Each structure stands twice: as structure tokens, then as C-alpha cells.
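To keep things clear, I will list the structure first and then write my remarks on it.
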Amino acid sequence: MQTNNSLSLANPHPPQLNWAQKLSLALGALGGLILLVAIAAPSDLNMQSWLWPSLGLLTASGLLYTYFTYKDKPAGIKNDGNFFSSLSHRGVVGWVLGIIITGFYVLLYYFESYLGFNENGANTGLVQMFDPLSMFLKGKAASQWFVYGVLYTVAILVMGVKFIVKYRHNKYQVLRTISVMFFQLAFAFLIPEILEGLNSDKAYFAKDMKNMWPLNYYFFEDWHLDNMLSGGGLGMFMLVLGIAMIFIISPILTYFYGKRWYCSWVCGCGGLAETAGDPFRHLSSKKLIAWKIERWMIYAVLAIIIFVTGMVLYTYFTGQAQILFLNTYTLRSAYGFWIGAAFSGVIGVGFYPILGSRVWCRFGCPMAAILGLQQRFFSRFRITTNGGQCISCGNCSTYCEMGIDVRWYAQRGQNIVRASCVGCGICSAVCPRGVLRLENGPVNEDRFGEPKPIIIGRDEVGILS
Amino acid sequence: MKILIIGNGIAGITAARHIRKNSDHEIIVISGETDHFYSRTALMYIFMGHMRFEETKPYEDWFWMKNRIQLYRAWVETVDTDQKHVILDNGKSMSYDKLIIATGSSSNYFGWPGQDLKGVQGLYNMMDLEELEKNAQHCKHAVIVGGGLIGIELGEMLHSRHIPVTFLIREDSYWNNVLPPGESAMVSKHIREHGFNLITSKNLGEIIGDERGCVTGIKIKETGEEIECDLVGITAGVHPNIEFIKSSKIDTNRGVLVNHYLETNIPDVYAIGDCAEFKEPIAGRRPIEQVWYTGRMQGEVLAQNIVGNRQPYRPGPWFNSAKFLDIEYQTYGMVMPKLKEGEESLYWEHPDGKMCVHIVYQPADKKFIGINTFGIRMRHHLFDQWLREEQSVEYVLRNLRAANFDPEFCKMYEREIIQQYNQQTGSSVYLQSKRSFSSVLSFLKK
Ligand SMILES: Cc1cc2nc3c(=O)[nH]c(=O)nc-3n(C[C@H](O)[C@H](O)[C@H](O)COP(=O)(O)OP(=O)(O)OC[C@H]3O[C@@H](n4cnc5c(N)ncnc54)[C@H](O)[C@@H]3O)c2cc1C
Ligand code: SF4
Ligand code: SF4
């Protein structure tokens, strides 16, 4: 069966790309190359005029590729060759891509000067390339975070279009994707950048209204609280909204709709995973052991961020940074380094082609942990299974990016009520027998669809008395 | 007690799991095809690259040892019910106290000239899939003979590798020995839209080969026309895989004969799944049931029987599902290809030809008989209940929306369907229930 178990780097059935698809991809490679040149070029080379050509090529590449890939195909599930493709099944292309993204994240988080960011003078290289756009939006030169924001937004928008075309027969998928594209473009990118420009006289505080604590781990740090308090009307608004999001808005929405309202409709990390990460969703591990590790890890991160935030608030209110042997400043910077940057960015996105698209969301995100706990114990959301129709084929489990073994539940007629489910609805979309439906219903009644010994389809077994 | 199960398909494995759940008997499962239980229904997805073999296994490999279900890889060659043992292809013999035969099916070949040529194959098991990998490698054109559910899957598989496919079917429209004309026409159209060459009302005459024994084409019986091809997929149905039982004292016909308790004529020997044939068919059902869920249900019932909770197999209302390329199909109750005496039908089709709903009822007492739905998912629990309650067609129509199982935000067509019923019958039924989960629960609690 060697031909089926395409574990190797060799590819037994090369996807047959036609010339138009190849040309589209070549455009994208060119666009990417410009970015690489900007990183590697000598610092006196001004590449500002290359920004639009580069972004334009990347966008055109994605859109044209989508067009040529799907134009002749009737609407329907398109997973052909996923386990044969070098890109989507850990072949050479996948590894190379993984290394490139990981490398970019390492530069971004730890070596921003290599990207051309200069805190005390003019930018060079890649960051300089984005200066004009940054000037236009907020009247300031770009930073590496601005570069990152633009590229991130372009990725979600372009790959979002691809996703929508791919799943165009499924309205849930279409609306959900329009939603993440909108929240990324407006809430994560444009509005914060513009507000930043309008408040350039005030010290920095986060202006992404949907990015709440603990995903935004520095929300309660003293400098951030201070900057919000001295940030005028907008600062106060962000402070009040930030707290309301945590304690009022989010619990209410999660009660009614499950954590999906955030994780697969609004969140930026989720947005990237659902769009750019879609070709890699089947790489998540479905093993029981992975679920065990997941539970340890994600709740550990949650415990750590709660602890760190507690310490940070202690410092804020008492002015003391040292508690016994712990220094709250060391703690928070350690969290920022290891979890905020290394885990969520470098591993979370860099390892898409290796570990699947939701590594951070599944193993690390403390926001997902909180929403998940609520989803598991106090929410109307569940995935219902359709009686006896399941044929145990495994499509649902395979394409669950969160590594939930959906089939385990479906084949025994039990509903899926899992903390980690982000409600992406892909399991339901790929099921060839119409077995799964995401639903909101009464909390206590039949939410779990008790594991029946006998699935419906025949008269109940008379239990031996 | 030592329970020996031949076959690790859905029937045998379900029996094993439920015997384990309810008892401490020693359980051994022998199977020649694979080491572990996998989902036969997912064979196509392996070939198409949607999954690997790994993903089609419903349980991880440690599951069996943990549940003390011993797996043994071998083919059983003979069954000796006097000695109470079986003999394996490796020469070993294995004794049992109770024997469960769950050996599934084999593909039908109807003795066509040339059917043994290289490049001619069926699609039922892993061996077939491996063979297909080889045959498809340099295939320029494939002909599929017989247009059932496996035929269309095979066609879709080959298409995913960009191999042009010709479908040769006896019927004058796809699968219309099972589907009513409306549905069959719609699916035929969809098949052609995907670029298949669908040839109807024609039989296979012979398969032609070259001097190396490889397929080079087929000849159509009626016209003598030849079609060049290097792969011939034979998907003209399946039959119980019981050759090796025939020499034993176990009664067989087409399948292993069993009563409603799944017992054969020999004490302590049972048969379930595709290979079992009911001596007296269960009312309204076929004597041999060759679908996934009936194998599962028979496995469950037999397990109960073996652990001492003796009871007959009593399947509830019929249901099934399939997928034709992009169009999903579900059925509940009995929708026959031709209306029976005293039946009337309501057939609604969406203008884009990708969705239809076909409801059959008895006009005399308005009793609801069954529903076929294409491109719209329906809720099994509700139809199961309504069929048991023998509800009227108007009741079903009024509440159709509660049974809609499509993803959220999908466009719903219950109003159009009801409108058509009203026009057709001059009634004035209107949509009553909502799709909310509470509304579903209100039915189920009754
Ligand atoms: C391609 C394909 C698609 C299908 N799709 C659907 C579908 O969508 N829905 C549906 O309801 N049904 C479907 N079916 C039918 C369904 O798979 C069968 O009804 C079901 O698998 C039968 O289960 P079983 O346990 O009776 O037998 P099987 O699954 O056939 O298992 C029998 C096992 O017995 C073993 N065995 C046989 N003889 C011996 C021997 N002498 N010694 C040792 N071991 C032996 C074989 O190795 C085999 O593993 C499909 C079938 C195929 C081939
Ligand atoms: S995809 Fe559907 S039929 Fe397949 S295992 Fe999952 S729920 Fe069952
Ligand atoms: S269980 Fe389904 S809806 Fe939930 S995360 Fe997995 S694929 Fe998405």
C-alpha cells in the first residue's frame, strides 16, 4: 500500500497543474521574491516603489489561481489529492514554506532590525518599503508590526476569497469567511491604524476592539492601563470596552453560539487559520494522546496568564514589582517572549504546513481555553449527529483542524460537545452523508445526546431484566 | 467462552465490541484483508487523496488490545462445525465455542469473455484498491460497467486522477432500478455535467485484450461497437462472500441462511452483515441487506444474543444515504422506482437541477410512505419517528422545516415544496414548525 500512504517526500501523484495555474503561482513567487529582496538588499537600496507591485502580484496570484482552479469545477467538496500534494502533505514544498514562514516570524519578533526597522532613524529595507502606506494611514513611518499587519491582512483577504470560492455551495462557510475578512480588514487593521494616526500625540495603547484579554496579554500591564487612562476619550472607551468584552459581551455570545462566534467568525488568528491555513487543516493529530497533551498545555497556559496578570495588577496597585522571589517584570516579559511570540507566532503560524493550521488555537491560546470551558459547560452550542446515517468514513475527523475525532461521536450517535471545537463547520461540510449539524439549543436537554447503546434505526434492545 | 469472528468489517467488529461491552468472553477476530478494522465506505477517499488508509480506521490501533479483542490476520479456508474449529490458509487451525461469520461480499462477474484480462477489476476491498493503483497508473481511458453506487464512486475516483471515464449501464437512466425517474434523470444529468460519457441501455458484450493479456477495449453487446480502454471497472453489484462455507454443514443459499436471531442451522454458528441471508425476509425488506448500517445493527443484536439477552433482529423504518459526485442523497421510508398501487407522489426539483425532494404517500388516507431528498439534508430522528407514528403526508409537510438538517444559513425550500403539493392536490397546507432545536425536541419528547 505504499502508494496510498504518501508519507514520503516523493509525490506519487503530482497534482496536474495547468499552465494557467502555474503562471498564477509564478506571479505570487515573484511578489514574494520582491519582499525577500527587500529584506536581503543592502540598506541604501530604497525599494518603496516596489510595495504595490509586490502586493499586487501576491493578490493577483491568489485570485488568478483561484479562478483557474475552480472555474470549470461544479461547486462541491474539493479535497482531491490533499494527501498526495507536497505542499499540503508535508512534502518538500510544505517544509520549505514552513521554514520560510518560521524564519520570517523569528526576524519579526526578535530581529526586527534585519527587516529594516530603525527606532531612532529612517527605516531601511522591507520596513521602509511600507513607509508610504503607513504615512498615508497614520502619518507615521512604518514599524515591523505595520509590515506584519499589512501582509497578514492581505493573506486573509486573498486566501479568504479562495476559501469562499472553494466552499461556495455552503452559505455558513461563505458568511463566516466574509466575517473574518471584514474583522481583519476593519477592526484589526484599518480602524486601529487610523485611530493611531488621529491620536498620535498620545502614548500607545491597543486599538483593536475585538482583541481582548487574555489573547491580548498586555491589556492589564501597568504601562498599558496608564496609557489608556491618559488616552482621552478613546483610551477610556478601549478600557471599558476591553473589560466589558471579557466579562459581559463574550460570555453572552458564547452562551448563545458557542466559542465559534469568536474563533471562527471574528478572531484574527482564527481568520488566518481558516483562510491561509485551510490547505493544512487535515494535518492536525487526531490521536487520543494529542488530546491529552492539548488539555494539559492549553489550561497550563491559561493558568500562567491568569497568574502573570494577577502579579502584574498587584504591581500596578501596590507599586511593588517583587513578590517573594518573583519579579513581575521578568514574568511578563517571559510570557511575552515564550508564549506571546514563540508559541502563537513562530510555532502557531510557522508550523502550519507541518502541524496543521490551529496549533496555537488548540494547544496554546488562553482565550480559546476560557471560551472552551464555557462552551463545554454553559453554552447552547453543540454539533448534532444525524441518527444512524454515519458510515464511519472519517472525513469529519480528518478535516477537523482542532484534531477532534468527530467520527468517534458520530458513529455512536452522540452529539459533539467539546471545549476545543471552534465551530468552523468543516466537519459538517465534508461529511458525505449529511450527518453533522452545528446547532444552538437548550443547555440541559439532550445536549450531549446521551451515548445510546443502540443507534436509531431499529427497535430498542429489550434490556435483560 | 471463546468466540471466533471471521471478518473484521463493520458487522464483525460491532459484534466484537458489543460482546466485550457486555461480557468477559474471549474474543478473536480473524480477517485476511487488513490487520485492523477500516471503513470500507471510505475506500474511494484513499484513492482520491482525501485521506490515507490511516484515517479510515475508526479506532486507533491500541484500542483492540485495551479492549481485549484479539486480532488475527489470516484467511479462513474451511469451517468444521463438528470439530468446532476453522482451518486457516497458513495451515493452522483454530477452535471456537461460538462462531460468527461476517465475511461480507465479493464483486459480481457475469462470465463475460475476457473478464480475467489484466486491467479488469471490481472495487470492494483493499486488494482491489491496490490493483486500481497499478491499473490507473498509465490509464488513458476507463470503462465502468454497471451503474450502481460503487460504479459512480469508481468513476469519481478515476476522474480525480484526470482519467476519462465511460459509463456503460443497462438501464436507460442512471440507477433507475432503484431511483424513480425524476431523481435518476437529475443524477444522470449531473454525471454528464462532470464530464462522464454515460452510455445507457447497453450491455457489455465482451472484453478485448492484446497478446500480453491486457485489456485494450470492450465490445457493446447490442451494437457490436468497440470502445478502446485500458481499464475496465466491473461494478455490477456484489454477492455474499461465502465460497469457503459451501463445503461445510452450514446451510447456504446466496448467503449464509439465518433466522431472525441471526442463527444458522448449526448451533453456536451465526452470520451477520453482507454475507447473511434471512430464510424468511423481514417484512418489507430484502433477504440480504448489503449496507453499512444493517451490518452494524445486526452486529449489535447478535452481541446481545450471545451475551444472553436473546432477541430477534427488528430493523425500524428503512433509511439510507449516498453521494453522487457533488449531490448528497438521503432516503427515509420506502420510495420505489415505480409507484405502487394506491400511491401518489410529490416531486419537487430546484431549477438548477442539483436538489430535489420526492415524497410518496397514499392519497386515500394521506399516509406518508417515504421521502427521497437530494442536495437537502434531513433529520433522521424525525423521519424515523414520523414513519413509526404513520403520520400523514400533510403533517410531514407542515413540519418539514423542523426536519431540515442543512447547515445554518442555507436557503430552505419547504415553502416551495408545500406550494407544489397544494397546487397538485388543491389542499391548503401551510408551513407550521420552525427549524429551531427546541422545535425538534418537541417532536421527539412526545
Ligand atoms: C466502495 C464501497 C462503498 C460503499 N459505500 C457504502 C455506503 O456509502 N453506504 C453503505 O451503507 N454501504 C456502503 N458499502 C457497503 C458496505 O461497505 C458493506 O455493506 C459493509 O462493509 C459490509 O460489512 P460486513 O462487515 O458485512 O463485511 P465486510 O466489510 O466486507 O467485511 C468482511 C471482512 O471479512 C474478511 N473475510 C472475508 N472472507 C474471509 C475469510 N475466508 N477468512 C478471513 N477473513 C475473511 C474480509 O477480509 C473482510 O475484511 C460500500 C461498499 C463498497 C465496496
Ligand atoms: S464524515 Fe460523516 S459519515 Fe463520515 S465519519 Fe464523519 S460523520 Fe460519519
Ligand atoms: S468539530 Fe467540526 S466544527 Fe468543530 S472544530 Fe472540528 S471541524 Fe470545526
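Here the protein sequences come in this chain order: A and B. Under the numbering used here, the first residue of the first sequence carries the number 1, and numbering increases by one thereafter. Under the numbering used here, the first residue of the second sequence carries the number 1001, and numbering increases by one thereafter. Glycine residues also receive a C-beta, built at the ideal position from the N, C-alpha and C atoms. Model, not experiment: these values are computed from the prediction.
Within its own chain, the residues whose Cβ lies closer than 6 Å to the Cβ of Leu1400 (chain B), once the five positions on either side in sequence are excluded, are Glu1414, listed in chain order. Excluding five sequence positions before and after His1239 (chain B), the CB atoms of its chain that fall closer than 7 Å to its own CB belong to Ser1105, Ser1106, Asn1108, Arg1254, given in chain order.
In this structure, the beta-carbon distance from Phe1409 (chain B) to Leu175 (chain A) falls below 8 Å.
Gly1342 (chain B) has its alpha-carbon roughly 54 Å from the corresponding atom of Leu1088 (chain B). For Ser1321 (chain B), the enclosing beta strand (DSSP E) begins and ends at 1319 to 1324. When Cβ-Cβ separations below 8 Å define contact, Lys162 (chain A) makes no contact with chain B. Within 7 Å of the CB of Glu439 (chain A), the CB atoms of chain B belong to Phe1437, in sequence order along the chain. Leu1099 (chain B) carries a strand assignment under DSSP once its states are collapsed to helix, strand and coil.
Shortest gap from the CB of Cys396 (chain A) to any heavy atom of ligand 1: 7 Å or more. Note on Asn1177 (chain B): under 16 other CB atoms within 10 angstroms of its CB, so exposed under the neighbour-count rule. Ranked by how close their Cα comes to the Cα of Lys1367 (chain B), the residues B:His1358, B:Gln1419, B:Gly1237, B:Glu1394 have B:Glu1394 in first place. Following the DSSP letters along the chain, one finds Tyr1329 (chain B) inside the beta strand (DSSP E) bounded by residues 1327 to 1333. Taken in chain order, the complete alpha helix (DSSP H) segments of 4 or more residues contained in the region 133 to 176 of chain A are 144 to 166. Residues of chain B with a Cβ closer than 7 Å to the Cβ of Ser285 (chain A) do not exist, since the nearest Cβ in that chain sits about 11 Å away. Annotated as distal: Arg380 (chain A) and Val417 (chain A), with beta-carbon spacing of 8 Å or more.
Counting C-beta atoms within 10 angstroms of its own C-beta, Glu1243 (chain B) has fewer than 16 neighbours from the protein chains shown and is therefore classed as exposed.
Under the three-state reduction of DSSP output, Val1165 (chain B) falls in the strand class.
In chain order, Pro1058 make up the part of chain B whose C-beta sits under 7 Å from the C-beta of Gln411 (chain A). With a cutoff of 7 Å, Cys365 (chain A) does not count as near ligand 3, since its C-beta is closer than that to no heavy atom of the ligand. Residue pairing by DSSP places Val1238 (chain B) opposite B:Ser1107 in a beta bridge. Taking the Cβ of Ile391 (chain A) as the reference point, at least one heavy atom of ligand 2 falls within a distance shorter than 7 Å. Looking at the backbone, the Cα of Tyr314 (chain A) and that of Gln320 (chain A) are separated by about 7 Å. Under the 8 Å criterion on CB atoms, Trp1292 (chain B) is classed as interfacial with respect to chain A. Boundaries of the beta strand (DSSP E) around Thr1078 (chain B): 1076 to 1080.
At a cut-off of 8 Å, the C-beta of Thr69 (chain A) has no neighbouring C-beta in chain B.
Nearest CB-CB separation between Pro279 (chain A) and chain B: not below the 8 Å threshold. The C-alpha of Cys393 (chain A) is placed about 6 Å away from the C-alpha of Thr1041 (chain B). Nearest Cα to Met1186 (chain B) within the set B:His1358, B:Ile1369, B:Ser1439: B:His1358. Judged by their CB atoms, Val1269 (chain B) and Thr1078 (chain B) are not nearer to each other than the 8 Å cut-off. Interface flag for Cys393 (chain A) against chain B is set, since a Cβ pair is found closer than 8 Å. Gly403 (chain A) and Ser285 (chain A) do touch by the CB rule: their CB atoms are close to 5 Å apart, below 8 Å. In summary, no residue of the region 47 to 61 of chain A has a CB separated from any CB of chain B by less than 9 Å.
Rounded to whole angstroms, the gap between the alpha carbons of Leu331 (chain A) and Leu1071 (chain B) is 52 Å. At a beta-carbon threshold of 8 Å, the residues of chain B lying near Leu175 (chain A) are Phe1409, ordered along the chain. Arg362 (chain A) and Ala369 (chain A) have their C-alpha atoms some 8 Å from each other. Of the heavy atoms belonging to ligand 1, none sits nearer than 7 Å to the Cβ of Asp1326 (chain B).
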